[in-house]
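Heads up: the structure comes next, in structure tokens.
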Amino acid sequence: MLGKYKHAMYYFNTNNYDYAIGDFTELLKRQSDHVTARLYRGISYFYLEYYQLALADFSATLHYDPSNWEAYYHRACLLRTCNPAQALKDFSISLLINPEYENVGAYLHRALIYCQQNQFDAAIADYEAVLILDREHAPA
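Numbers given in my numbering equal positions in the sequence shown, counted from 1, plus 189.
Written out as structure tokens, the structure is:
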């Protein structure tokens, strides 16, 4: 199974998402609780604009691993425009689990939602967090 996973990740990392999805799906048929395979299949679906399938994979990832900050982050990105209230919750949970540099995007996306909702103090706090974590982050 490790070979199939490495193969799928190769396709994912080279932006061959259709092939990655095929390999991740094969792997998940044999090991349905493979959290990383499900997460990356969801991301692949997201990149290919198969949003319902991506949402299902992100939610299933969280079923198997409720502390997976990346699944919360990606699900929030997916929901940002159609369900901003849930996206805010998911970004916040993601940041509770991992408030570090590698999750700086969650602060930025959450700040954008706060701006859209006229919650400017909260947005400023998130923009400040972005700048603390990444001084080079121009959008903040």
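Quick reminder that beta carbons are idealized off the backbone N, C-alpha and C, glycines included.
| task | Specify the secondary structure class of Y239 as computed by DSSP and reduced to three states. | result | Taking the sequence shown and counting its residues from 1, one reaches residue 239 at position 50. It is coil, neither helix nor strand.
| said: The alpha helix (DSSP H) that contains Q275, what's its start and end? | reply: For the purposes of this step, residue 275 is identified with residue 86 of the sequence shown, where counting begins at 1. Unbroken alpha helix (DSSP H) run through Q275: 273-286.
| task | Classify H223 as buried or exposed, calling it buried when 16 or more other Cβ atoms lie within 10 Å of its own Cβ. | result | On the sequence shown, position 34 is the one that residue 223 refers to. Counting Cβ neighbours within 10 Å, H223 comes out buried, since at least 16 surround it.
| task | Would you mind giving the Cβ-Cβ distance between H263 and G231, rounded to the nearest angstrom? I have them listed as a contact below 8 Å. | result | Reading the sequence shown from its first residue, position 74 is the one you call residue 263. Reading the sequence shown from its first residue, position 42 is the one you call residue 231. The pair is a contact, with the Cβ atoms about 6 Å apart (cut-off 8 Å).
| request: State yes or no: is the C-beta of A295 within less than 9 Å of the C-beta of L284? | output: Mapped onto the sequence shown, residue 295 falls at position 106. Mapped onto the sequence shown, residue 284 falls at position 95. Taking 9 Å as the Cβ cut-off, A295 and L284 qualify as a contacting pair.
| said: Could you tell me the alpha carbon to alpha carbon distance between S248 and L228, rounded to whole angstroms? | reply: On the sequence shown, residue 248 is found 59 positions in, with the first residue counted as 1. On the sequence shown, residue 228 is found 39 positions in, with the first residue counted as 1. Roughly 9 Å separates the two Cα atoms.
| message | Tell me which residue opens and which closes the alpha helix (DSSP H) that D323 is part of. | response | Residue numbering aside, residue 323 sits at position 134 when the sequence shown is read from its first letter. Here D323 belongs to no alpha helix (DSSP H), and DSSP marks it neither H nor E.
| Pick from N204, Y240, S221, H196 that is closest to R269, judged by C-alpha positions | As a working mapping, residue 269 is identified with position 80 in the sequence shown. Nearest C-alpha to R269: Y240.
| A265 and L277 closer than 9 Å at C-beta | Taking the sequence shown and counting its residues from 1, the one referred to as residue 265 is at position 76. Taking the sequence shown and counting its residues from 1, the one referred to as residue 277 is at position 88. Going by C-beta atoms, A265 is nearer than 9 Å to L277.
| Cα-Cα, which of T250, P273, A318, S281 is closest to N307? | Translated into positions along the sequence shown, residue 307 becomes position 118. For N307, the closest C-alpha among the options T250, P273, A318, S281 is that of P273.
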